[in-house]
Amino acid sequence: DDGFSGKDEL
Amino acid sequence: MNLFRLAGDMTHLFSIIVLLLKIHATKSCSGISLKTQELYVIVFLTRYLDLFTRFVSLYNTVMKIVFIGTSFAIVWYMRYHKVVKQTYNKDEDTFKHYFLLLPCFVLALLLHNEFTTMDVLWTFSLYLEAVAILPQLVLLQQSRNIDNLTGNYVFFLGAYRGLYVLNWIYRYFLQDHRARWIPWISGLVQTALYADFFYYYILSWKKHEKLKLPA
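Right under this line is the structure:
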C-alpha cells in the first residue's frame, strides 16, 4: 500500500 | 499524520508564501534562482502524477494542487511578468541544472521500488528534490545582498525536509516500523545540503546582522 513506500506523504 | 509531518508541510507551504509575497509585494525576484524554481515544477509534476488516480486524503489532494499551482505561478512571474522578470539575476544564475536531471533520472531507473512509469517518476522526483536547491545556493553565494525574505524563504524550505526527517523517525519507532529508504536517504541528503546555509543564517540572526554567505 501507499504507506509502505511513503506515497501517502507530500 | 503526526505533528512533525504537519509542521513540515506547513513550513514548506510557508516558504512558498514568503517567496510569493516577496515577488508580489516588491515586484522583484532578485536573489531567486529560476533554475531551482523550474526544477520544483518538474519535481511536483512527476511526484503528483497520481493526483487523479490515488486518493489519500482531501488534505493531500489540496496540498498537491497548491504545490503544483504555486510552483507554476513563481516560474511564470520570473519569466513573463514584465516588471519582475527584469529583476532576475540571469548572469549569476549559472548552475547547469540539466546536469542534475539526467543523473537523477538514471538513478531512479536503477534504484526504485517498482519498475513502473509512475513509480520511477515518483522516485526521480525525490532524487531531484534533494538536489534542486543547488542552483539557489550557488546564486546566494554570489549575491552581495541577500534580502530578509529570500533568506527566510531558503531557511523555511530547508527546515521543511528536516521536519520530515523527524516525522520519519517518529513513524518508524512509534507508528508502523516500516523502512522507506528512498524518501529517507533523499531527505537526509536534501537536509544536509542546507547545513552550511543554516549555520550562517542562524549566526546572522544571533548577531542581528545581514545574511552573507562566504564565497
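Chains as they are written, first to last, in the working numbering: chain E, 917 to 926; chain L, 9 to 223.
We put the CB at the ideal spot given by N, CA and C, even for glycine.
Subject >> Nearest neighbour of residue 156(L), chosen from 101(L), 186(L) and 39(L) [CA to CA] >> reply: 39(L)
Original post:
Are the stretch 137 to 152 of chain L and the stretch 161 to 169 of chain L in contact at 8 Å, needing three or more beta carbon pairs?
Top reply: yes
Subject >> residue 125(L), DSSP secondary structure in three states >> reply: helix
Subject >> Span separating the alpha-carbon of residue 200(L) from that of residue 144(L) >> reply: 15 Å
Original post:
Based on Cα-Cα distance, which residue from 60(L), 177(L), 56(L) and 205(L) lies nearest to residue 195(L)?
Top reply: 177(L)
Subject >> 7 Å Cβ shell around residue 219(L) - same chain, five flanking residues per side excluded >> reply: 154, 159, 208, 209 and 212
**OP:** Could you round the C-beta distance between residue 179(L) and residue 68(L) to whole angstroms and report it? I think they count as a contact, below 8 Å.
**Re:** Between residue 68(L) and residue 179(L) the Cβ distance is about 16 Å, and since that is not below 8 Å, they are no contact.
**OP:** Tell me, please, whether the stretch 25 to 43 of chain L touches the stretch 95 to 102 of chain L by the rule of three or more beta-carbon pairs shorter than 8 Å.
**Re:** yes
Subject >> Proximity winner among 146(L), 49(L), 185(L) and 223(L), relative to residue 104(L) (alpha-carbon distances) >> reply: 146(L)
Original post:
In three-state DSSP terms, what is residue 159(L)?
Top reply: helix
Original post:
If you count every other CB in all the chains shown that lies within 10 Å of the CB of residue 123(L), and 16 or more means buried, which is it?
Top reply: exposed
Subject >> Alpha-carbon to alpha-carbon, residue 101(L) and residue 7(L) >> reply: No statement about residue 7(L) is possible, as the shown extent of chain L runs from 9 to 223 and does not include it.
**OP:** Compare the beta carbon distance of residue 13(L) and residue 925(E) with 8 Å and say whether it is the shorter of the two.
**Re:** yes
**OP:** Tell me where the alpha helix (DSSP H) around residue 44(L) begins and ends.
**Re:** 42 to 55
Subject >> Rounded separation between residue 85(L) and residue 29(L) - CA only >> reply: 12 Å
Original post:
Of the choices 148(L), 175(L), 197(L) and 192(L), whose alpha-carbon is the least far from that of residue 205(L)?
Top reply: 148(L)
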